[in-house]
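Only one structure is covered here, and it is reproduced in the block below.
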Amino acid sequence: MSGTGTQRPLSRIRVKDLRLRTFVGFNDEEQRKRQDVVVNIHIDYDALSAARGDAVDEALDYKTITKQVIAHVEDNRFLLLEKLVNDLVELVMAHGAVQHTEVEVDKPHALRFADSVSLTMAASRG
1 MSGTGTQRPL SRIRVKDLRL RTFVGFNDEE QRKRQDVVVN IHIDYDALSA
51 ARGDAVDEAL DYKTITKQVI AHVEDNRFLL LEKLVNDLVE LVMAHGAVQH
101 TEVEVDKPHA LRFADSVSLT MAASRG
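In this text, residue positions in the sequence shown follow full-length UniProt numbering: the first is 1, and each later residue adds one.
If you want it as structure tokens, here you go:
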């Protein structure tokens, strides 16, 4: 394929149902006790060079990103789900190869009659 304005296709990595524990919330019980959260991350990047050349050094290192997410979630406290999700979006976007990300964090049993409450945020380059 050639021509001006042709964009290379992006690939999507999905980290699904990453189950972690952290302090999230502002009531007394939430401040005293870690809660389960479930993190889902979509990461879009240009994987064509890595795919064509089977080149590890040109692939996005999703293991490193996931380890950073785990450390950030488990080693911090958050009053708001919004803060937690925004931090994770910024963490993923700090990797230069990432063109777009969407991060969703579920807080299971946050409401009595609901399986969970979740918040999603996204960011793109450019």
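Don't be surprised by glycine CBs; every beta carbon is placed ideally from N, CA and C.
Range covered by the beta strand (DSSP E) that runs through V40: The question names Val, yet the displayed sequence has Asn at residue 40. From DSSP, the beta strand (DSSP E) with N40 extends over 35-45.
task: Please confirm whether V73 and T22 have their CB atoms less than 8 Å apart.
output: Yes, the Cβ-Cβ distance between V73 and T22 is below 8 Å.
Status (buried if at least 16 other CB within 10 Å, exposed otherwise) for L60: L60 is buried by the Cβ-count criterion.
query: Can you tell me where the alpha helix (DSSP H) with H72 in it begins and where it stops?
result: Per DSSP, H72 belongs to the alpha helix (DSSP H) from 62-74.
message: Would S11 and A55 qualify as a contact pair, given that the criterion is a beta-carbon distance under 8 Å?
response: Contact flag unset, no.
message: Extract the residue ranges of the alpha helix (DSSP H) inside the region 79-106, only unbroken runs of 4 or more that lie entirely within it.
response: Under the rule that a run must span 4 or more residues, the alpha helix (DSSP H) segments found entirely inside the region 79-106 read 81-93.
- prompt: Grouping DSSP H, G and I as helix and E and B as strand, with all else coil, what is A51?
  reply: Note: A51 maps to helix in three-state DSSP.
task: Consult DSSP for R8 and reduce its assignment to one of helix, strand or coil.
output: Residue state, collapsed to three classes: coil.
query: Hey, how far is the Cα of R112 from the Cα of N76?
result: A direct Cα-to-Cα measurement between R112 and N76 gives close to 25 Å.
- request: Out of D36, G96, V37, A51, point me to the one whose CA is closest to G126's CA.
  value: When D36, G96, V37, A51 are compared, the shortest CA-CA separation from G126 is found for G96.
Neighbourhood of D17 by C-beta, 6 Å cutoff - its chain only, sequence neighbours within 5 removed: Hits under 6 Å: V38.
message: Along the chain, where does the beta strand (DSSP E) containing L119 start, and where does it finish?
response: L119 -> beta strand (DSSP E) spans 116-124.
task: Alpha carbon to alpha carbon, how far is F26 from M1? Give it in angstroms, no decimals.
output: Because the pLDDT at M1 is just 43, under 50, the model does not fix this residue reliably, and the point stays unresolved.
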